[in-house]
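See below for the structure under consideration.
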């Protein structure tokens, strides 16, 4: 009997609570230009389509989440993209995230075209690029999107795998359509299409075509399996394109409800007073401040979402397929409404809920394109607890991170009872100095309070340090029995020289990027 | 030329000095091989523990061996780690072909020592008891002795390098150990170490750096003295956790005068063990029994030099008194505490439950069991990173803090698939909060809670941290339990001691 620590059965609508994955999914961007490859024989129509597939070269620079005033070394990435209506290039977000410079190249044309991203959706791994030079679009056609392909139908993948200068086209069969985690964010789950067409690094962002139309965007694969690649279906692409029509990207929403798909038990059904003929899912909890916090209660059973009946696995019939009920929510934009039919103590109820982002206190998704927030005081660096920070522990971070950070990451929704809390703040680094000589033991601890002021947000810290308790700044940490006192006068005196010594500039970055 | 002569002379003198040193050293060593033949036995041990994840199942029977030495004519002593989950013991002595019957008399996992009785009828003549000497000469050469299964008495060498207060291999308790360096063999099976003609300790661990840990004579003699008392109560256990007190800011914050340089900070106080009822978090322990503690919590021992403070408590027997000199609330204060210890099973998350079957109840395929450290460690070497963080939180932060309201953490460890539990088979490692509305404070509450609502149609289990409610139809239970008993080959659907 194997014991599995990760729990798969309880999940959020449209949002994976836990990050441990069954298989190692990898993004298909290439780290650097490698060797070329030959494209297959092409028909005239195909050649027209191929003119719309472009190579994307980007220069990236990631952020350092422990000492956040610094950035990592620059690196180069290669991916694919394709032209869609409106003289835009659609590609994967991971091709152009944390990017300093983007240039595009068309097959058989030497000219390089600088580009910039107009919109980027990290939760759905899609981005729209624009090119200033209109000549870039000469001779190209805007590729059209079509519906979800059927399982076992043939699709062709276009792109520049392993960085070749010539386009590559490979054929394969659609083998599965399901909801899965998008590796780019690491936490968001949407519909994916699995294919056995060869999808390799560099293919990312390239179109996957059927009958001359786009059925998906190639984006990730499985490193431990042969010829298993994934596409972003057009349902997700269309959601993204609709979202940006108002000039800003809002993202995919959810309801913020934790449910259990376990109403297979007739006893459980009877206990909850649910008619035997009804199927549905049991509400376990609602997220604090979520759209449904005032609508749903634990032990409610949701049986219908809009006009879709929910089965005991939490699945609905949509697009002619049996898919996770989150698909219904994904048809809505943020601010859209959804009708819920549910039972409470035997009574059927109907309510309308608003779709919203509903992110947990401890953000589980990786963040990009926003410089990390931090504050440095007396050599102590404070940062918000984020997945990016946890991932600084390396590949095995879910096992390697300190216990309490793991506990909060996994259960912040249940553990946080503070309605005013916006985030958890961690003492991420100590820049050694005489004022903080004994603070190293508190590294990576979660800050509870400073000078008696509860720290619910990084922005609480500057004010907290303005009110020392007598001669000391008193820092208390969660599940830590020791207190860290810092000499207040010495801290004030030493602070500027520490900033100078360690080239910490600016001393804080507190604002959230909108 | 003159220089050459001078150098040659120096080298010669140095060589002579070295030779005389070697002679002197050799003179100090004693070959006790003959004497040990009458005092050392080879013990064959069989252990038969339980699988923690499937607590009704025995692990595979395993056999091992260990060396033991005579402390009475028919009594031998060895490490407790050798007899964990012991099912059977037999001894072999030098020059005798037949095995001798043996049985455990006293086992102290906290001290990592056990006393074993041999069957006098199985021996041609009594053993010759060894007397352990408490002399400690750092740097002295030591010899080790052990008896092999083919009845040969071996010996090895090393030198006494240092003392250390460290966790024993079988418990959470810290004890004094000698460390022998440059050992000629990996020795951690109860081999007897002697300095000159006298035994000084029993081997309890070894590592790849050619080091061996010894349970020293002091601990052995104290154990033997205590076991001579019919009501063996064991030795003190520490009931608090400390943290070094180096930071001058912390000292100033605690209003300690700058003239006070010593003392260690009390970071946590448990609900069990010595000092738990008199110490407070934030106290500074300046001295224990007049032994001044430095900022790291060490005191100057007349023989061993700097030792960690635990020794001052764990070297006392239960019931004795211990005096703490404290810095509390800005002033000095003395408190007197009774030396206490506790069984691992009294912990909220027991460190071990050696020698007995884990406590569990299976109801409709739902395996409810007591959370123990052994259960967690069975998940593999990297268990701390793999186990549910909620369970790890109980182990890490609350293991020593049982309360009247909660003496066990009861978990749903696994669901044995059956018709009665369809839809629940993915549940595991969830902490039980209530059973039929009754708050569960120990595994023994489960059968009581089950009888609470005899008229109720369902047994209902609630969990911590937002989990589904488990609903078990009572009428179907007898048939379901019968199925589980038969289908999964589980002879006993419950094992509760209280």
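Protein chains in written order, with this note's numbering: chain A, 1 to 514; chain B, 515 to 1012. The beta-carbon is built from N, C-alpha and C at its ideal position, and this holds for glycine as well. Every value quoted in this text rests on a predicted model; they were computed, and no experiment measured them.
Query: Measure the Cβ-Cβ separation of residue 885 (chain B) and residue 905 (chain B) and say whether it is below 8 Å.; Result: yes
Query: Going by other Cβ atoms of all chains shown within 10 Å of its Cβ, with 16 needed for buried, is residue 209 (chain A) buried or exposed?; Result: buried
Query: Classify residue 347 (chain A) as buried or exposed, calling it buried when 16 or more other Cβ atoms lie within 10 Å of its own Cβ.; Result: exposed
Query: For the ligand SAH, I want to know if residue 783 (chain B) counts as a neighbour, meaning its beta carbon is within less than 7 Å of at least one of the ligand's heavy atoms.; Result: The ligand SAH is absent from the structure shown, which contains no ligands of any kind.
Query: Counting pairs of beta carbons, one from the segment 401–417 of chain A and one from the segment 356–370 of chain A, are three or more of them closer than 8 Å?; Result: yes
Query: Please list the residues of the segment 761–773 of chain B that have a C-beta atom closer than 8 Å to any C-beta atom in chain A, keeping them in chain order.; Result: 761, 763, 764, 766, 767
Query: Quick one, which residues of the segment 479–499 of chain A are near chain B if we go by CB-CB under 7 Å, in chain order?; Result: 479, 481, 482, 485, 486, 487
Query: Does residue 900 (chain B) have its Cβ less than 8 Å from a Cβ in chain A?; Result: yes
Query: Looking at residue 340 (chain A): is its Cβ nearer than 8 Å to the Cβ of residue 318 (chain A)?; Result: no
Query: Residues of chain A with CB under 7 Å from residue 979 (chain B), in chain order?; Result: 411, 414
Query: According to DSSP, is residue 376 (chain A) part of a helix, a strand, or is it coil?; Result: strand
Query: Would you verify that the beta carbon of residue 406 (chain A) is, or is not, closer than 8 Å to some beta carbon of chain B?; Result: yes
Query: For residue 199 (chain A), tell me which candidate among A:172, A:290, A:190 has the shortest Cα-Cα distance.; Result: A:172
Query: In chain B, which residues lie with their C-beta within 8 Å of the C-beta of residue 264 (chain A)?; Result: 936, 937
Query: In three-state DSSP terms, what is residue 762 (chain B)?; Result: helix
Query: Pick helix, strand or coil for residue 239 (chain A), following the three-state DSSP scheme.; Result: helix
Query: Using a Cβ-Cβ distance under 8 Å, would residue 795 (chain B) count as near chain A?; Result: yes
Query: Hey, could you find the ends of the beta strand (DSSP E) residue 578 (chain B) is sitting in?; Result: 576–586
Query: Grouping DSSP H, G and I as helix and E and B as strand, with all else coil, what is residue 976 (chain B)?; Result: strand
Query: Leaving out five residues on either side along the sequence, give the residues of the same chain with a beta carbon under 6 Å from the beta carbon of residue 707 (chain B).; Result: 656, 658, 714, 715, 728
Query: Who are the neighbours of residue 400 (chain A) on chain B, taking C-beta pairs under 7 Å?; Result: 899
Query: Would you kindly check if the distance between the Cβ of residue 991 (chain B) and the Cβ of residue 999 (chain B) is under 8 Å?; Result: no
Query: Name the chain A residues that come within less than 8 Å of residue 714 (chain B), Cβ to Cβ?; Result: Result: empty, since nearest Cβ-Cβ is about 37 Å, beyond 8 Å.
Query: Output needed in chain order: residues of the segment 775–787 of chain B with a Cβ under 8 Å from some Cβ in chain A.; Result: 779, 781, 782
Query: Under DSSP, the beta strand (DSSP E) around residue 826 (chain B) begins and ends at which residues?; Result: Segment 824–828 is the alpha helix (DSSP H) holding residue 826 (chain B); no beta strand (DSSP E) there.
Query: If you measure beta-carbon to beta-carbon, which residues of the segment 280–310 of chain A are closer than 8 Å to chain B?; Result: 282, 284, 285, 298, 299
Query: Could you name the residues that DSSP lists as bridge partners for residue 851 (chain B)?; Result: B:836
Query: Answer with buried or exposed for residue 167 (chain A), where buried requires no fewer than 16 other C-beta atoms within 10 angstroms of its C-beta.; Result: buried
Query: Would a C-beta distance cut-off of 8 Å place residue 382 (chain A) and residue 461 (chain A) closer than the cut-off?; Result: yes
Query: What first and last residue would you give for the beta strand (DSSP E) that runs through residue 441 (chain A)?; Result: Counting along the chain, residue 441 (chain A) falls outside any beta strand (DSSP E), and DSSP gives it neither H nor E.
Query: Going by DSSP, what residue range makes up the beta strand (DSSP E) through residue 1000 (chain B)?; Result: Segment 991–1001 is the alpha helix (DSSP H) holding residue 1000 (chain B); no beta strand (DSSP E) there.
Query: Around the C-beta of residue 843 (chain B), are 16 or more other C-beta atoms found within 10 angstroms, so that it is buried, or is it exposed?; Result: exposed
Query: Buried or exposed: where does residue 138 (chain A) fall if 16 or more other Cβ atoms within 10 Å of its Cβ makes it buried?; Result: exposed
Query: Could you check what DSSP says for residue 80 (chain A) in three-state terms: helix, strand or coil?; Result: strand
Query: Which term fits residue 775 (chain B), buried or exposed, when burial requires 16 or more other beta carbons within 10 angstroms of its beta carbon?; Result: exposed
Query: Give a yes or no on whether 8 Å exceeds the smallest Cβ distance from residue 390 (chain A) to chain B.; Result: no
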